[in-house]
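A.B. asks:
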Amino acid sequence: MNTQPGSVRARTRRLSRPTIRLAVLGALGLAAAFFRVVVEGDSMLPTLEPGDRLVVLRSCYRRRLRTGDLVTVRDPREEGGGRVLVKRITDLDRSEAEVSGDNPDASADSRSFGRVPLESVTGRVLYRYAPAERAGRVR
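Given below as structure tokens:
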């Protein structure tokens, strides 16, 4: 031990492997709660523009959905559900939702493919992070 005036004694503690694993899993879990989407097309004008980049909260972490929420939904017209649509919930019950685009003239939505099961809702739009001049919470 150094007892000279002005010396500082630091105590360090090594983290155990289980503690490190929990910290990494927690960070990965938080990251897994969100995904990103790039808007293509004019169906959500004026709320969302082509090229807008969005942060979406995954559906398994979502709060109860409400009418008016912007959501991502698997395209019911495609086999395998590879394409994701961004739409607004206009009507909702316990098992299905009616979704619509904000620009009806340019939107494929429940008017063309019907109501969608809630299981096909993949997330709720939270935030637009780009372009920078339009960044902010999406309502």
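Per our numbering, the very first residue in the sequence shown carries number 1; after that it's consecutive. All residues carry an ideal CB built from backbone N, CA and C; glycine is no exception.
Work out the CA separation of residue 72 and residue 86 for me, nearest whole Å.
C.D. replies: In the sequence shown, residue 86 corresponds to position 86, counting from 1. In the sequence shown, residue 72 corresponds to position 72, counting from 1. Computed Cα separation, rounded: 5 Å.
A.B. asks: Taking the CB atoms as reference points, tell me whether residue 52 and residue 134 lie closer together than 8 Å.
C.D. replies: As a position in the sequence shown, residue 52 is number 52, starting the count at 1. As a position in the sequence shown, residue 134 is number 134, starting the count at 1. Closer than 8 Å, so yes.
A.B. asks: So if DSSP puts residue 64 in a beta bridge, which residue, or which two residues, is it bridged to?
C.D. replies: Taking the first residue of the sequence shown as position 1, residue 64 is located at position 64. Partner(s): none; residue 64 has no beta bridge.
A.B. asks: Between residue 138 and residue 45, is the Cβ-Cβ spacing less than 8 Å?
C.D. replies: The residue given as residue 138 occupies position 138 in the sequence shown. The residue given as residue 45 occupies position 45 in the sequence shown. Not in contact: residue 138 and residue 45 (Cβ atoms no closer than 8 Å).
A.B. asks: How many Å lie between residue 90 and residue 136 at the Cα?
C.D. replies: The residue given as residue 90 occupies position 90 in the sequence shown. The residue given as residue 136 occupies position 136 in the sequence shown. Their backbone Cα atoms lie some 23 Å apart in a straight line.
A.B. asks: So residue 36 is in the beta strand (DSSP E); what residue range does that whole segment cover?
C.D. replies: For the purposes of this step, residue 36 is taken as the residue at position 36 of the sequence shown. Run containing residue 36: 34-38, per the beta strand (DSSP E) assignment.
A.B. asks: Determine the extent of the alpha helix (DSSP H) in which residue 58 is found, giving its start and end residues.
C.D. replies: Looking up residue 58 in the sequence shown gives position 58. Not the alpha helix (DSSP H): residue 58 falls in the beta strand (DSSP E), residues 53-58.
A.B. asks: Could you pull out every residue in the same chain whose Cβ sits closer than 7 Å to the Cβ of residue 129, ignoring the five residues on either side in sequence?
C.D. replies: Against the sequence shown, residue 129 aligns to sequence position 129. Around residue 129: 53, 55 and 135.
A.B. asks: From 126, 47 and 94, pick the residue whose C-alpha is nearest to that of residue 116; which is it?
C.D. replies: Within the sequence shown, numbered from 1, the residue matching residue 116 stands at position 116. Out of 126, 47 and 94, 94 has the C-alpha closest to the C-alpha of residue 116.
A.B. asks: I believe residue 36 touches residue 68 by the beta-carbon criterion, under 8 Å. Please report the beta-carbon distance rounded to the nearest angstrom.
C.D. replies: Position 36 of the sequence shown holds residue 36. Position 68 of the sequence shown holds residue 68. Residue 36 to residue 68, Cβ: 22 Å. No contact.
A.B. asks: Using beta carbons (cut-off 8 Å, strictly below), is residue 130 in contact with chain D?
C.D. replies: The chain labelled as chain D is not found in the depicted structure, where only one protein chain is given.
A.B. asks: Assign residue 118 to one of three DSSP states: helix, strand, or coil.
C.D. replies: Translated into positions along the sequence shown, residue 118 becomes position 118. Looking at residue 118 - three-state DSSP - the assignment turns out to be helix.
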